[in-house]
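Trainee: Sharing a structure with you now.
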Amino acid sequence: MINIQTDRLNIKPTHKNCWSIFDQQDDTLIGKLFFRNHWFNIILKPQSLRLGVATEASYGLMKAINSEKYMAKSSIPHAQQFLKELGFEPKNKHFEVTIEQLQQPDLYQSLNHKLGIDTEQLNNPKYHTTAQLVDSDVDCFQRPTKLHPKANQAWQSMKQSANKDGVNLQLVSAFRSMGYQAGIIQMKIDQGQILQEILQTNAAPGHSQHHTGCAIDITSDDFEPLSESFENSPAFDWLQNHAADHGFTMSYPRDNDQGIIYEPWHWCYAIR
Ligand SMILES: [Zn+2]
484 MINIQTDRLN IKPTHKNCWS IFDQQDDTLI GKLFFRNHWF NIILKPQSLR LGVATEASYG
544 LMKAINSEKY MAKSSIPHAQ QFLKELGFEP KNKHFEVTIE QLQQPDLYQS LNHKLGIDTE
604 QLNNPKYHTT AQLVDSDVDC FQRPTKLHPK ANQAWQSMKQ SANKDGVNLQ LVSAFRSMGY
664 QAGIIQMKID QGQILQEILQ TNAAPGHSQH HTGCAIDITS DDFEPLSESF ENSPAFDWLQ
724 NHAADHGFTM SYPRDNDQGI IYEPWHWCYA IR
């Protein structure tokens, strides 16, 4: 029985044939893995579904156990898809993979490759996709949003606190997946824009702080979303004085050393 560490997860043996999956960021238990006699099973909490957690945990465990073959059963299309990404092949009534066939899916490389982005040339930092998400507010465009559970809690309390001071805070954008980020860039390419120019305003997949589920873009009544004029709003003034009390800091102040434009609207929660 071994402790396994992947990019985002700590996987610890609980008892024989069973491992618990913890989010490295905040030590929350997010799922369980079972492996016995070549059979393989994974169960995740709802907040960790469809974030690549199953793939990452399964690959990490299978590599560490290093059994000659693995068998899994699932009738759920999404789960079947994830098994295929790992190299599992459909047999009669189950899926099977040998240790040689096992593949580590790499969404980061495949998305960037598809867009023609050379990741070696990117200077801005890389961010992991959060391993947990919950529903948050509808944004100022009436779209549903998601945040890391702890970031959402902090955002709700910050918003209420601002409200008590007569200040209105609204979300413009919260969590964005690597796939969503790739979609934005692809759309601009299709419209005829040049990749180098697009990358000056849109981070490459894997390089947006919004992947963490802790970054939010904020606006307020009567201010245009994602505009520098937000710095003249009472909301911005309030944030500068109180956001830190709620765990939020402005990621990109004027002349930041990350080389990113001034974004008075973009704030990020630090998980403690
Ligand atoms: Zn932002």
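Be aware that the sequence shown starts at 484, since it is given in the numbering used here, and climbs by one per residue.
Backbone N, C-alpha and C define an ideal beta-carbon position, used for all residues, glycine too.
1. Helix, strand or coil: how does DSSP classify T684 here?
2. Using CA atoms only, rank isn't needed, just tell me which of P588, Q592, N493, F578 is closest to H690.
3. By the DSSP assignment, the alpha helix (DSSP H) with S640 in it spans what residues?
4. Between which residues of its own chain and K713 is the CB-CB distance below 6 angstroms, once the five residues before and five after are set aside?
5. Closer than 7 angstroms: is that where the CB of S656 sits relative to any heavy atom of ligand 1?
6. Roughly how many angstroms separate the alpha carbons of N635 and G666, rounded to a whole number?
7. Using a threshold of 8 angstroms, state whether the C-beta atoms of T702 and C623 are closer than that.
8. Could you name the residues whose beta carbon sits closer than 5 angstroms to any heavy atom belonging to ligand 1, keeping them in chain order?
9. Going by the beta-carbon positions, is the gap between H611 and T695 smaller than 8 angstroms?
10. Going by C-alpha distance, which of E551, G535, G543 is nearest Q564?
11. Which same chain residues, not among the five before or five after E551, have their C-beta less than 7 angstroms away from its C-beta?
Mentor: Looking at the coordinates:
1. helix
2. With distances taken between Cα atoms, H690 lies closest to Q592.
3. 632-647
4. First, the amino acid is wrong: residue 713 is Phe here, not Lys. Excluding residues within five positions, the ones whose Cβ falls inside 6 angstroms are F706, F719, P747, W748.
5. yes
6. 25 angstroms
7. yes
8. D700, H749
9. yes
10. G535
11. Around E551: T581, I582.
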